[in-house]
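Trainee: Here the protein sequences line up with chains C and E, keeping their order.
In this text, residue positions in the first sequence follow my numbering: the first is 21, and each later residue adds one.
In this text, residue positions in the second sequence follow my numbering: the first is 17, and each later residue adds one.
Heads up, the beta-carbon is just placed ideally off N, CA and C, and yes, glycines get one too.
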Amino acid sequence: MMRVTLLYFARLREQFGTGSESAALPSEVKTLNDLLAWLRARGGNWASELAEGRAFRLAVNQDMVGPEAVLNDGDEVAIFPPVTGG
Amino acid sequence: MKIQVQTAPFDLNAEVAALYAANPKVGAVAAFLGLVRDVNEGDGIATLTLEHYPGMTERALAKIVDEAKGRWDMLDCTVIHRVGEMKPTEPIVLVAVASGHRQDAFAACEFIMDYLKTRAPFWKKEATPDGERWVEARESDDAAAARWQNKG
């Protein structure tokens, strides 16, 4: 079993009602795509905000990556809306 | 190279002077100052609140500055981005690049800002008369960053 830290920012943090959680992932969750499917299965805002076609970005250990990225035990995974700084 | 994320205001003159005062090789400093406007998408803005991802934000800014150093002659550089609540007319961001000549300073400064807009994890929330709302990312910012991929 793999344990990762999940971080949510901005609109997603508000919609999910939390900024971070420690998650024990079932063994079938191997990539970010798998993780997104696992989170969508929670339903409600998780399903709607992370639905296919919605705009959000992913980072693993503070580097932006694509949804095909493979997860490792202890990873810090962040999900956030497209950035709007500057 | 100085990269800082802070809630406090910054002193533009002091930051720019620090880039050249001790280095006689600097012939040009290009500085960009981003400010809070009092209107966006046709609505009045009372306050703007900036959120960031501590750790990743600094890391992303350092990577952007490193990429700029690989493309242009940069003698020094300062990037300061504020977070927290700000009011119209307050500075949000400073990007200042010191080079031997203006072309490198201008180009590197613009590049760093364009990449910051699309790659550094900051998010803006604005307070309008109708309530608070998150600012949506603009396609024009993606286009501005993309144009650097084929030139340098």
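DSSP three-state call for A159/E: helix, strand or coil?
Mentor: helix
Trainee: Residues of chain C with CB under 8 Å from A153/E, in chain order?
Mentor: Correct list: A75, P101, P102, V103, T104.
Trainee: Beta carbon of V97/C, beta carbon of L55/C: below 8 Å?
Mentor: yes
Trainee: Cutting at 8 Å between CB atoms, please list the residues of its own chain near P46/C, excluding the five before and the five after it.
Mentor: M21, W58
Trainee: Would T23/E count as contacting chain C if we go by Cβ distances under 8 Å?
Mentor: no
Trainee: Considering L35/E, what are the terminal residues of the alpha helix (DSSP H) in which it resides?
Mentor: According to the DSSP assignment, L35/E belongs to the alpha helix (DSSP H) that extends over 28-36.
Trainee: Quick check: the Cα distance between I99/C and V80/C, rounded to an integer number of angstroms?
Mentor: 9 Å
Trainee: Quick one: what's got a C-beta closer than 6 Å to G65/E's C-beta in the same chain, skipping five residues either side?
Mentor: It should be pointed out that residue 65/E corresponds to Thr in this sequence rather than to Gly. E101, K141.
Trainee: Which same chain residues end up closer than 6 Å to V32/E when comparing Cβ atoms and leaving out the 5 residues on each side of it in sequence?
Mentor: V45, A47, A112
Trainee: Hey, out of K50/C, V24/C, R33/C, whose CA is closest to Y69/E's CA?
Mentor: R33/C
Trainee: Please state if the CB of T73/E and the CB of P137/E are separated by a distance shorter than 8 Å.
Mentor: yes
Trainee: Say whether chain E places a C-beta atom closer than 8 Å to the C-beta of R23/C.
Mentor: no
Trainee: Using a C-beta cutoff of 8 Å, does P87/C count as contacting chain E?
Mentor: no
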